[in-house]
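The listed protein sequences correspond, in order, to chains A and B. When we follow the working numbering, the leftmost residue of the first sequence carries the number 1, and every step to the right adds one. When we follow the working numbering, the leftmost residue of the second sequence carries the number 460, and every step to the right adds one. Virtual Cβ for every residue (Gly too), placed ideally from N, Cα, C. Presented below is the structure to which this report refers.
Number of protein chains: 2
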Amino acid sequence: MRTQIRLNEADMPRQWYNLAADLPVPPQPPLGPDGKPVSPDMLRAIFPDALIEQEMSTRRWIDIPREVLEILAKWRPSPLHRALSLEKYLNTPAKIYYKNESVSPGGSHKLNTAVAQAWYNKQAGVKHLTTETGAGQWGCALAFAGAQLGLDVTVFMVRVSFDQKPYRKMMMQVWGADCIASPSERTRAGREVLAKTPDTPGSLGIAISEAVEAAISDPTKSTRYSLGSVLNHVMLHQTIIGLETKKQLALVGVDKPDVVIGCAGGGSNFAGISFPFVHDKIGGADIRIIPVEPSSCPTLTKGPFLYDLGDFSGMTPLLPMYTLGHTFVPAPIHAGGLRYHGMAPLVSQATRLGLMEPLAVGQTECFTSALAFARTEGIIVAPETSHAVAAAIREANRAREEGKEKVILFNLSGHGIIDLKGYDMFMKGELTDYELPVEEIEKNLKSLKDFPKPAPLPV
Amino acid sequence: MRTQIRLNEADMPRQWYNLAADLPVPPQPPLGPDGKPVSPDMLRAIFPDALIEQEMSTRRWIDIPREVLEILAKWRPSPLHRALSLEKYLNTPAKIYYKNESVSPGGSHKLNTAVAQAWYNKQAGVKHLTTETGAGQWGCALAFAGAQLGLDVTVFMVRVSFDQKPYRKMMMQVWGADCIASPSERTRAGREVLAKTPDTPGSLGIAISEAVEAAISDPTKSTRYSLGSVLNHVMLHQTIIGLETKKQLALVGVDKPDVVIGCAGGGSNFAGISFPFVHDKIGGADIRIIPVEPSSCPTLTKGPFLYDLGDFSGMTPLLPMYTLGHTFVPAPIHAGGLRYHGMAPLVSQATRLGLMEPLAVGQTECFTSALAFARTEGIIVAPETSHAVAAAIREANRAREEGKEKVILFNLSGHGIIDLKGYDMFMKGELTDYELPVEEIEKNLKSLKDFPKPAPLPV
Numbered sequence: 001m002r003t004q005i006r007l008n009e010a011d012m013p014r015q016w017y018n019l020a021a022d023l024p025v026p027p028q029p030p031l032g033p034d035g036k037p038v039s040p041d042m043l044r045a046i047f048p049d050a051l052i053e054q055e056m057s058t059r060r061w062i063d064i065p066r067e068v069l070e071i072l073a074k075w076r077p078s079p080l081h082r083a084l085s086l087e088k089y090l091n092t093p094a095k096i097y098y099k100n101e102s103v104s105p106g107g108s109h110k111l112n113t114a115v116a117q118a119w120y121n122k123q124a125g126v127k128h129l130t131t132e133t134g135a136g137q138w139g140c141a142l143a144f145a146g147a148q149l150g151l152d153v154t155v156f157m158v159r160v161s162f163d164q165k166p167y168r169k170m171m172m173q174v175w176g177a178d179c180i181a182s183p184s185e186r187t188r189a190g191r192e193v194l195a196k197t198p199d200t201p202g203s204l205g206i207a208i209s210e211a212v213e214a215a216i217s218d219p220t221k222s223t224r225y226s227l228g229s230v231l232n233h234v235m236l237h238q239t240i241i242g243l244e245t246k247k248q249l250a251l252v253g254v255d256k257p258d259v260v261i262g263c264a265g266g267g268s269n270f271a272g273i274s275f276p277f278v279h280d281k282i283g284g285a286d287i288r289i290i291p292v293e294p295s296s297c298p299t300l301t302k303g304p305f306l307y308d309l310g311d312f313s314g315m316t317p318l319l320p321m322y323t324l325g326h327t328f329v330p331a332p333i334h335a336g337g338l339r340y341h342g343m344a345p346l347v348s349q350a351t352r353l354g355l356m357e358p359l360a361v362g363q364t365e366c367f368t369s370a371l372a373f374a375r376t377e378g379i380i381v382a383p384e385t386s387h388a389v390a391a392a393i394r395e396a397n398r399a400r401e402e403g404k405e406k407v408i409l410f411n412l413s414g415h416g417i418i419d420l421k422g423y424d425m426f427m428k429g430e431l432t433d434y435e436l437p438v439e440e441i442e443k444n445l446k447s448l449k450d451f452p453k454p455a456p457l458p459v
Numbered sequence: 460m461r462t463q464i465r466l467n468e469a470d471m472p473r474q475w476y477n478l479a480a481d482l483p484v485p486p487q488p489p490l491g492p493d494g495k496p497v498s499p500d501m502l503r504a505i506f507p508d509a510l511i512e513q514e515m516s517t518r519r520w521i522d523i524p525r526e527v528l529e530i531l532a533k534w535r536p537s538p539l540h541r542a543l544s545l546e547k548y549l550n551t552p553a554k555i556y557y558k559n560e561s562v563s564p565g566g567s568h569k570l571n572t573a574v575a576q577a578w579y580n581k582q583a584g585v586k587h588l589t590t591e592t593g594a595g596q597w598g599c600a601l602a603f604a605g606a607q608l609g610l611d612v613t614v615f616m617v618r619v620s621f622d623q624k625p626y627r628k629m630m631m632q633v634w635g636a637d638c639i640a641s642p643s644e645r646t647r648a649g650r651e652v653l654a655k656t657p658d659t660p661g662s663l664g665i666a667i668s669e670a671v672e673a674a675i676s677d678p679t680k681s682t683r684y685s686l687g688s689v690l691n692h693v694m695l696h697q698t699i700i701g702l703e704t705k706k707q708l709a710l711v712g713v714d715k716p717d718v719v720i721g722c723a724g725g726g727s728n729f730a731g732i733s734f735p736f737v738h739d740k741i742g743g744a745d746i747r748i749i750p751v752e753p754s755s756c757p758t759l760t761k762g763p764f765l766y767d768l769g770d771f772s773g774m775t776p777l778l779p780m781y782t783l784g785h786t787f788v789p790a791p792i793h794a795g796g797l798r799y800h801g802m803a804p805l806v807s808q809a810t811r812l813g814l815m816e817p818l819a820v821g822q823t824e825c826f827t828s829a830l831a832f833a834r835t836e837g838i839i840v841a842p843e844t845s846h847a848v849a850a851a852i853r854e855a856n857r858a859r860e861e862g863k864e865k866v867i868l869f870n871l872s873g874h875g876i877i878d879l880k881g882y883d884m885f886m887k888g889e890l891t892d893y894e895l896p897v898e899e900i901e902k903n904l905k906s907l908k909d910f911p912k913p914a915p916l917p918v
C-alpha cells in the first residue's frame, strides 16, 4: 500500500486550467467606480499586461512559462498522501487522500502563484512588488518569489498577525523582503485608519488598500501590486495542485474522487485543488466539491452574492462575489488566512451555479480534527487547513455510518508549525466558537446598498 | 536538468549500514564505573535488548523492520536536490547536491531513529519512553514516534529552551507527549538541583539524569530511556539518509561524490549522510568526508580523544571519543543541537583513523551562508545545518579557484523556521563569533584525569 504517491519533475503539468472557459454561465466582469466594466487600461497601474490578460481570459489551457516550472520544481510536484493512519483511527471504509502543499519552502500553496506573478512582472520590467498579508503565508510566498527572481518586495502585514507571528515576519526578511505592520504610517490609507482607531488590530482589507496605494504612488512607475488570492489569475496558477493530483490518483487507479475538499478564505487553495475536478463535474462526473470556511466568517454559507469591494477602502474594483460586506472585521480566530469578507469571483460563480456545497465549521471542531490528524498522519496542519481536515473527517465518519467506500480528497494547503499558538490555546481549553449573527452581516451589507447589483442567473 | 531527484517508496533501503563492521580498527567498548567494559545486563534497565544488540553489533547490514519503513514512508525517501541556483550564484564549476531531511513532520533527521527506537521498545513491551531535549528537535521527534506507535512519551526539556522555545514544547504536546521543564520536581536529581539552585536555567546533563532516573525508577518496569544521538544504534538508524542518497546519485549518473559534508554535534546526521560513503572510502574510493562543528564547540578539531562521560553528572558509561570534557558548557550559540562536549564514538574512531577531515566554522560565516542559501535555493535551514552549508560553499568556492568540476554533497539535516531568532539577530548584526581558547579546554579536561585512557592505535 503506497503512503505517498509521487510524480517526477518530467510529469509536471505544462499548462494551467482556466475554469472561466467552462462555467455554464460566465462570471460577470469587475466594475469600476463608474459602474462600468473595468478595462485592461484601468488595471495597468497595478498589474502587468500578461496577468491582466490571464485575468480576463476564457482560454481553457494557458501555458506555464519554463522558468516558472523550473522554480516550482524546487519542491513540486508535491506529494499526494494516502491517509492510512487516519482511516484506521476513524475506522472508516473511505479512502482519504491529501495533497501536501506544506512541502514548499514557505510551507503553503501560496508560492505557486507568487512565483508566476513575480515572473510575469519581471518580464514586464517591474522592479518592486507590494502586497498585503494576513497570517503571513502569502507575504512569505511573495518574499520567496522576489528572492528567486531578483525583485524587491514590500509586505503590509495585518497588525494582529504581525504582533502574534514574529516568525513569519522574520521569514520574509530572510528572503530579503520589507515587512511592515498594517495599518502603517507609510500610506494615506493607513494613516487615516490609525487616526480614527489607533488600536485597531488591522484587517486584510486595510492592508490591501495600503499595498495598492504604495504600488500606484511609486513615482518611477516600476512598482506593481500582487494579490495572493481572489482574482482569476491567482486561481489559474493554483490549478497546478489539482492537475498534479489527477495524475497521482490515476497512478493508484482512482478514476475520480467522490468528494473534493479545500478550506476557503479568498478561495485560492480551494480553487487549486478543485477546479480541475469542477471541469469534470461540469462534464457530468459525480463529484461533490466542498469549500470549507470558519463559522465566524461564513462568506459562502451566510453571505449574499453581490457586487462588493475587494478591500476595505475602495482601492479595488467591485467584484461579483459572495460577501459579508467590505466593512466586516472578522473575529480574531487563529485561521488568519480565512478572515476575508469576500470570496473569489470564480469560486463564487461556481457556487452560485450549484457546483459547490459550501460548509462552515467552528474552530474547536477544526482543532480537534487537526489534533487527530497530527497524531495519526504526523503532520501539524495550519489552522486554515484544519477546516479541510474537519470536513474530511466528517465525510469519513459519514462513509462509516453509510457503509460506503468512497474516495475523499482534500488539500493540505499548509503546515502549522509557526502557528502553534492556536493549538496551544485549544489544548488549554481557551478557544471557543463564534457563530456570526445574521444582524452583524446585515449591518455590514448596508455599505453596499448603492453598488450595482449582479444580474440574476438566466432561468 | 533535474532539480529534485526522487525515489519511490519501493526504492527505500531495506537494511541499515553498520560502520562498526568495516572500521580498520574497531572502536573500544564503553566502560562502566569500575573501568570494565559495560555488559548488556547493565544496559537492560534503560534500553530494550534489540537496541543493546545493535549497539554492540558488528554485522554490516541490519534489517529495517517493515513497520518502521511504513512509518518512515510518510515522508521518506527524502528528496535529493541539485543546488542549481546556489551554483549559479557562486559561479562554481562544482555540482552541489543536498539531501533534504527537513521534509519530515518534525522538520529534521531526528525522526529516523525516534521511530526505530520507539518500535523496538514497543516490541519489548515498553509502554512509556523518557528522554531529554535541548533545543527541542529530539524531543519533538520522539513525541512524533510515540504518537505513531502508541507509546507515552515524557520529555525533560532544558528550562532555558523550555522558556525560550515555546513552539517546540507545543509541537511535543500536539503529538501527545508530556514536556517538562528540567530540572523538575519529578525526580530526585531534579529536586536536588532545585533545592540548591532554584533559578537554574538547567542543562542537558541534568535533563539526561532526570530522564534516566524517571525510566529506571518506574515501579511497573515498563518505562525505558531513549537517546537521540551519540550511541552506535542511533548512527545506524540514520544511515538510511546516505543509503538513499547513493541510489539518488546513481540515478543522475554520479558515480561518487568528491566531498561529503554534514554538521556534527553528537554526530547522528553526519553519520547518516556519511557512513555509507566511509564504507566506500575504506574500500579505496577517493572521497573527502567533512564533519563541521561550531568554532565555539570544536570537539573534533581541538578536543583530545579520551574516555569521557556522555553527560554532565555521570549517569552514562565512559565513552571513547573526542571531547572537550563533560563539564564544558558551550557558549549559547543558536545552533543548540551542536552544543555538545563529546562526539559519537563511531564518528570519533573514524576521525582518529584519518577517514574524516573535521572543520570548525564560526556562526557569522554560517548565517551568511544560510542567508545566501535561503535566497537562492529557497530553503531556510536550521542553524545547525548552516554549518554544513558554510562548508559546502567553501568547497564550491575552492572548486572555482581551482577550476575543478567536483561533486559536493551535504546533508540538509533540518529547517530553521522555528529557529528564526538566530537569523533575526544575525540580520540585526547582533551575533559575534567565539573561538574557544585552548586554556578553557585544558581546564575542563582536568575532570577526566582519573578516567581510564584509550589504547593507542596499532602502528
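- Under DSSP, Lys122 of chain A takes part in no beta bridge, so it has no partner.
- Excluding sequence positions up to five before and after Pro452 of chain A, its CB lies within less than 8 Å of the CB of Leu31, Gly35, Tyr307 and Leu318, all in the same chain and listed in chain order.
- A residue is called buried when at least 16 other Cβ atoms come within 10 angstroms of its Cβ; Lys547 of chain B does not meet this threshold and is exposed.
- For Glu377 of chain A, no beta strand (DSSP E) run applies, since DSSP gives it neither H nor E.
- Among the residues of the stretch 141-175 of chain A, those with a Cβ less than 7 Å away from any Cβ of chain B are Phe144, Ala147, Gln148, Tyr167, Met170, Met171, Gln173, Val174 and Trp175, in the order of the chain.
- Between Gly593 of chain B and Gly875 of chain B, the C-beta spacing is not below 7 Å.
- Per the coordinates, the alpha-carbon of Val737 of chain B lies some 21 Å from the alpha-carbon of Ala849 of chain B.
- Interface flag for Val252 of chain A against chain B is unset, since no Cβ pair is found closer than 7 Å.
- As the crow flies, the alpha-carbon of Ser567 of chain B is around 27 Å from that of Asp714 of chain B.
- Relative to the Cα of Gln707 of chain B, the nearest Cα in the group B:Thr786, B:Tyr556 and B:Arg857 belongs to B:Tyr556.
- With the criterion set as a beta carbon lying under 8 Å from some beta carbon of chain B, the members of the stretch 98-112 of chain A are Val103, Pro105 and Gly107, in sequence order.
- For Lys95 of chain A, the enclosing beta strand (DSSP E) covers residues Lys95 to Asn100.
- In the three-state scheme derived from DSSP, where H, G and I count as helix and E and B as strand, Leu710 of chain B is classed as helix.
- With its beta carbon at least 7 Å from every one in chain A, Thr786 of chain B lies outside the interface.
- Taking a cut-off of 8 Å for Cβ pairs, the stretch 129-149 of chain A and the stretch 161-169 of chain A touch, as three or more such pairs fall below it.
- Residue pairing by DSSP places Ile62 of chain A opposite A:Trp16 in a beta bridge.
- Apart from the 5 residues on each side of it in sequence, Ala45 of chain A sits with its Cβ closer than 8 Å to the Cβ of Ala215 and Ile216 in its chain, given in chain order.
- Less than 7 Å divides the Cβ of Val718 of chain B from the Cβ of Glu854 of chain B.
- Interface criterion not met: the Cβ of Leu588 of chain B is under 7 Å from no Cβ in chain A.
- Three or more beta-carbon pairs separated by less than 8 Å link the stretch 720-730 of chain B to the stretch 798-810 of chain B, which places the two stretches in contact.
- Spatial neighbours of Gln4 of chain A in its own chain (CB-CB distance under 6 Å, excluding positions within 5 residues in sequence) are listed in chain order as Pro79 and His81.
- According to DSSP, residue pairing for Thr589 of chain B in a beta bridge involves B:Thr613 and B:Tyr684.
- Between Glu377 of chain A and Ser85 of chain A, the C-beta spacing is below 7 Å.
- Burial state of Arg683 of chain B is buried, judged by a 10 Å Cβ sphere holding 16 or more other Cβ atoms.
- For chain A, the residues of the stretch 828-847 of chain B that bring a beta carbon within less than 9 Å of one of its beta carbons are Ala829, Leu830, Ala833, Arg834, Thr835, Glu836, Gly837, Ile838 and Ile839, in chain order.
- Within the stretch 467-488 of chain B, the residues whose Cβ lies closer than 9 Å to some Cβ of chain A are Asn467, Glu468 and Ala469, listed in chain order.
- Residue range Arg159 to Gln164 is occupied by the alpha helix (DSSP H) that includes Ser161 of chain A, with no beta strand (DSSP E) assigned at that position.
- The bridge partners DSSP lists for Leu309 of chain A are A:Leu318.
- With distances taken between CA atoms, Leu466 of chain B lies nearest to B:Arg535 out of B:Arg535, B:Pro485, B:Ala575 and B:Ser643.
- A residue is called buried when at least 16 other Cβ atoms come within 10 angstroms of its Cβ; Val711 of chain B does not meet this threshold and is exposed.
- The beta carbon of Cys599 of chain B lies closer than 7 Å to those of Gly565, Arg627, Met630 and Met631 in the same chain, with the five residues before and after it left out.
- Bounds of the beta strand (DSSP E) holding Asp178 of chain A are Asp178 to Ser182.
- Cβ atoms of Ala181 of chain A and Met157 of chain A come within 8 Å of each other, at about 6 Å.
- The residues Thr299, Leu300, Gly303, Phe305, Met343 and Ser348, in chain order, have a CB closer than 6 Å to that of Tyr322 of chain A in the same chain once the five nearest residues on each side in sequence are set aside.
- Listed along the chain, the chain A residues whose CB falls inside 8 Å of the CB of Ile876 of chain B are Gly107, Tyr167, Met171, Ile417 and Ile418.
- Shortest Cα-Cα distance from Val438 of chain A to any of A:Leu409, A:Lys446 and A:Ala143 involves A:Lys446.
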